[in-house]
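This report concerns only the one structure given below.
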Amino acid sequence: MAVSPCLSVNDQKKHWWLSNRKVVDKYIKDARSLIATHEQSEIVSALNLLDAALAISPRIEVALELKARSLLYLRRFKDVADLLQDYIPSLKMSGDDSGSVSSDNSSQHLSRERIKLLPSNNSSSDSPGRDPSFKCFSISELKKKVMAGLWKNCEKEGQWRYLVLGQACCHLGLMEDAMVLLQTGKRLASAAFRRESVCRSDDSFSFPNSITTLDISSATAPPSMPPRNPTFFSESENISQLLSHIKLLIRRRTAAIAALDAGLFSEAIRHFSKIVDGRRPAPQSFLAECYMQRAFAYKAAGRIAESISDCNKTLALDPTCIQALDTRASLLETIRCLPDCLHDLEHLKLLYNTILRDRKLPGPAWKRHYVRYREILGKLCALTTKIQQLKQRVASGETGNVDYYALIGLRRGCSRSELDRAHLLLCLRHKPDKATNFIERCEFADERDLDSIKDRAKMSALLLYRLLQKGYSSVMSTIMDEEAAEKQRKKASAALQAAQAAAIQVQQTQHSNPKPEHEASPVSSCNNKSKNTTTNSNTNVFQGVFCRDLTVVGNLLSQVGFNRPLTVKYEALSC
Numbered sequence: 023m024a025v026s027p028c029l030s031v032n033d034q035k036k037h038w039w040l041s042n043r044k045v046v047d048k049y050i051k052d053a054r055s056l057i058a059t060h061e062q063s064e065i066v067s068a069l070n071l072l073d074a075a076l077a078i079s080p081r082i083e084v085a086l087e088l089k090a091r092s093l094l095y096l097r098r099f100k101d102v103a104d105l106l107q108d109y110i111p112s113l114k115m116s117g118d119d120s121g122s123v124s125s126d127n128s129s130q131h132l133s134r135e136r137i138k139l140l141p142s143n144n145s146s147s148d149s150p151g152r153d154p155s156f157k158c159f160s161i162s163e164l165k166k167k168v169m170a171g172l173w174k175n176c177e178k179e180g181q182w183r184y185l186v187l188g189q190a191c192c193h194l195g196l197m198e199d200a201m202v203l204l205q206t207g208k209r210l211a212s213a214a215f216r217r218e219s220v221c222r223s224d225d226s227f228s229f230p231n232s233i234t235t236l237d238i239s240s241a242t243a244p245p246s247m248p249p250r251n252p253t254f255f256s257e258s259e260n261i262s263q264l265l266s267h268i269k270l271l272i273r274r275r276t277a278a279i280a281a282l283d284a285g286l287f288s289e290a291i292r293h294f295s296k297i298v299d300g301r302r303p304a305p306q307s308f309l310a311e312c313y314m315q316r317a318f319a320y321k322a323a324g325r326i327a328e329s330i331s332d333c334n335k336t337l338a339l340d341p342t343c344i345q346a347l348d349t350r351a352s353l354l355e356t357i358r359c360l361p362d363c364l365h366d367l368e369h370l371k372l373l374y375n376t377i378l379r380d381r382k383l384p385g386p387a388w389k390r391h392y393v394r395y396r397e398i399l400g401k402l403c404a405l406t407t408k409i410q411q412l413k414q415r416v417a418s419g420e421t422g423n424v425d426y427y428a429l430i431g432l433r434r435g436c437s438r439s440e441l442d443r444a445h446l447l448l449c450l451r452h453k454p455d456k457a458t459n460f461i462e463r464c465e466f467a468d469e470r471d472l473d474s475i476k477d478r479a480k481m482s483a484l485l486l487y488r489l490l491q492k493g494y495s496s497v498m499s500t501i502m503d504e505e506a507a508e509k510q511r512k513k514a515s516a517a518l519q520a521a522q523a524a525a526i527q528v529q530q531t532q533h534s535n536p537k538p539e540h541e542a543s544p545v546s547s548c549n550n551k552s553k554n555t556t557t558n559s560n561t562n563v564f565q566g567v568f569c570r571d572l573t574v575v576g577n578l579l580s581q582v583g584f585n586r587p588l589t590v591k592y593e594a595l596s597c
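Using our numbering, count along the sequence shown one by one with no gaps and you end on 597.
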């Protein structure tokens, strides 16, 4: 009896499916045994087996879960996000804008809880009273997106996506996404546990034991800490601790951004410093964002050196940060350090050209950007014009007129003690030996980037330190010149005062010796002549002329009268 060709084809497909199914099951079984050893080399081998299984059956749920948990155990968070990027809430919501959020160097665009602060407007994005470049969403919107069907499979075998992807998002700096995913996963697991509980009153959060899970506590721990004992902390406790840490960081950042928007720059700096100087390490991209925002606060407060230092740290953690390059270039232009400003602008221009060439923003699709792709062309044209203007200024000889007073943060005419104090503080903060200290408080998404980050941080810190030393020398020479000029002025003023005092003394001497009178009466003239002669001959005798014989003089005057001359002996009478 002849066999139908249609049946033979179906049998072949069935045989092919069964054989491949057996191969996939064998790969998964071997991968489970390798993962159970908790050795990194064995887990890497298990990943190869899981990749082979997924190549045969790309949608098998068990293989996907094992691969995601293995990548999380190996701290390959970027690979986890790439594997499950379709389930990241913020990426799903901003898919129409290519996953980017615009910003004009203002912290207002970085807040995620702005719904109540903005006017309610249910009109379309093209309405005239609304800024089309601004996109705002809140945590509640993320929760709605997740709960309403971020992925359609809501059964128990799909709950692992929330927990694994939430942890990966936390280590990648996507704090809002991580909080929403972890809270949702925890809530769903608790609900599933309550449904399964019949006679238990314990309502605690738990995971199903349908699959062998990895010790994710080692993945959530900082790199400096050794892997924790899986029997000491359960997965639920690790998730709870991670959630509390995420909420703390979000609260502090929200308070800092609110203070920055309100103009309280010192308060914003204090809140951002709590994040970057915290005891527990924070994710790399989250720290880069906080450093960038603190640089804005320092710039608004007039502390240019600290703002440049934070821009350097941001660029060390994220070399493709457009905001950091633009801000540092504007700061260098403010203090008229034109060559370094041109260097940053040329780097920014190269980054714009790379974006236009690749037709996408730098980094993976889930990376958060604060500029739209369609804005790049306009920014590039404006940047080219600005570079040409700066080159003309450099050619005209404006390179040596750097405002070191603004760099150090001093007023013109400051004293030597003020300069020494400001210079000492800046040297203690920005010493090149301490340039890599912030790396100890950073949790890296990929440990292979550590060496390059250290090199960038040391180089930028050394350039800033040299600029500060040059500024100190320049300001000190100016102060010394002013002090020398002040000494010359004081010396000239003292000489002038001495001359004036001598002139006054001469005038007083002349007034103390009056000249003799030329006109007098006949009798008085005779008396004056006798007095003057006696005074000129002997001053001592003049004092005793009229000491006696006053009655004789009176008798003589009464005898001769006043109209006849009186004979006077030019002899002095001794007492």
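The beta carbon of each residue, even a glycine, is placed where N, CA and C say it ideally should be.
This one's a predicted model, so the numbers in the text were calculated from it and none came from an experiment.
Euclidean distance between Cα positions of residue i and residue j
{"i": "Phe318", "j": "Leu378", "result": "27 Å"}
{"i": "Ala322", "j": "Asp52", "result": "59 Å"}
{"i": "Val416", "j": "Thr407", "result": "15 Å"}
{"i": "Ala68", "j": "Arg358", "result": "57 Å"}
{"i": "Asn70", "j": "Leu402", "result": "44 Å"}
{"i": "Val46", "j": "Ile65", "result": "17 Å"}
{"i": "Arg443", "j": "Glu328", "result": "16 Å"}
{"i": "Ala190", "j": "Ala103", "result": "7 Å"}
{"i": "Ile268", "j": "Ile50", "result": "34 Å"}
{"i": "Leu140", "j": "Arg301", "result": "Residue placement at Leu140 is poorly supported in this model, since its pLDDT is 37, which falls under 50; the coordinates still yield a value, given next. Roughly 35 Å separates the two Cα atoms."}
{"i": "Gln315", "j": "Lys512", "result": "49 Å"}
{"i": "Ala525", "j": "Ser496", "result": "44 Å"}
{"i": "Thr421", "j": "Gln414", "result": "11 Å"}
{"i": "Gln519", "j": "Ser439", "result": "30 Å"}
{"i": "Gly285", "j": "Ile279", "result": "10 Å"}
{"i": "Gln530", "j": "Gln522", "result": "12 Å"}
{"i": "Asp455", "j": "Ala516", "result": "50 Å"}
Contact check, residue i vs residue j, beta carbons under 8 Å
{"i": "Lys100", "j": "Pro341", "result": "no"}
{"i": "Leu337", "j": "Ala346", "result": "yes"}
{"i": "Ala90", "j": "Ala75", "result": "no"}
{"i": "Phe460", "j": "Lys335", "result": "yes"}
{"i": "Gly111", "j": "Val202", "result": "Note that residue 111 is Pro in the sequence shown here, rather than Gly. Cβ atoms of Pro111 and Val202: closer than 8 Å."}
{"i": "Leu271", "j": "Phe308", "result": "yes"}
{"i": "Arg433", "j": "Tyr426", "result": "no"}
{"i": "Leu105", "j": "Leu88", "result": "no"}
{"i": "Ala598", "j": "Leu370", "result": "This structure cannot settle anything about residue 598, because the visible part of the chain is limited to 23 through 597."}
{"i": "Asn42", "j": "Ile78", "result": "yes"}
{"i": "Ser288", "j": "His452", "result": "no"}
{"i": "Glu368", "j": "Ile398", "result": "no"}
{"i": "Leu21", "j": "Ala310", "result": "An answer regarding residue 21 cannot be provided, because it is not within the stretch 23 to 597 covered by the chain."}
Coil, strand or helix - residue i by DSSP
{"i": "Val545", "result": "With a pLDDT of 43 at Val545, under the threshold of 50, the modelled position of that residue is not reliable, and the figure given next carries that caveat. Note: Val545 maps to helix in three-state DSSP."}
{"i": "His391", "result": "strand"}
{"i": "Pro305", "result": "strand"}
{"i": "Cys464", "result": "strand"}
{"i": "His445", "result": "helix"}
{"i": "Arg97", "result": "coil"}
{"i": "Thr234", "result": "With a pLDDT of only 44 at Thr234, under 50, the local geometry of the prediction cannot be trusted, and no value is derived from it."}
{"i": "Thr605", "result": "Since the first residue shown for the chain is 23 and the last is 597, residue 605 is missing from the structure and cannot be characterised."}
{"i": "Thr342", "result": "coil"}
{"i": "Gly207", "result": "helix"}
{"i": "Ile357", "result": "coil"}
{"i": "Ile110", "result": "coil"}
{"i": "Ser16", "result": "What is shown of the chain runs 23 to 597, which leaves residue 16 out entirely."}
{"i": "Leu105", "result": "helix"}
{"i": "Lys335", "result": "helix"}
{"i": "Lys48", "result": "helix"}
{"i": "Ser437", "result": "coil"}
{"i": "Arg350", "result": "helix"}
{"i": "Lys453", "result": "coil"}
{"i": "Ala284", "result": "coil"}
{"i": "Arg217", "result": "helix"}
Endpoints, alpha helix (DSSP H) assigned at residue i
{"i": "Val424", "result": "First-last for Val424: undefined, no H or E at that position."}
{"i": "Pro361", "result": "360-380"}
{"i": "Leu405", "result": "398-417"}
{"i": "Gly493", "result": "472-534"}
{"i": "Cys651", "result": "It is not possible to answer for residue 651, since the shown part of the chain is limited to 23 through 597."}
{"i": "Ser288", "result": "287-298"}
{"i": "Ser256", "result": "Element bounds for Ser256: n/a, residue is neither H nor E."}
Any non-hydrogen atom of the ligand ATP within 7 Å of residue i CB
{"i": "Leu106", "result": "You won't find the ligand ATP in this model; it holds no ligand whatsoever."}
Item to check | Runs of alpha helix (DSSP H) wholly within the region 50-95 (minimum 4 residues, chain order) | outcome: 62-78, 83-95
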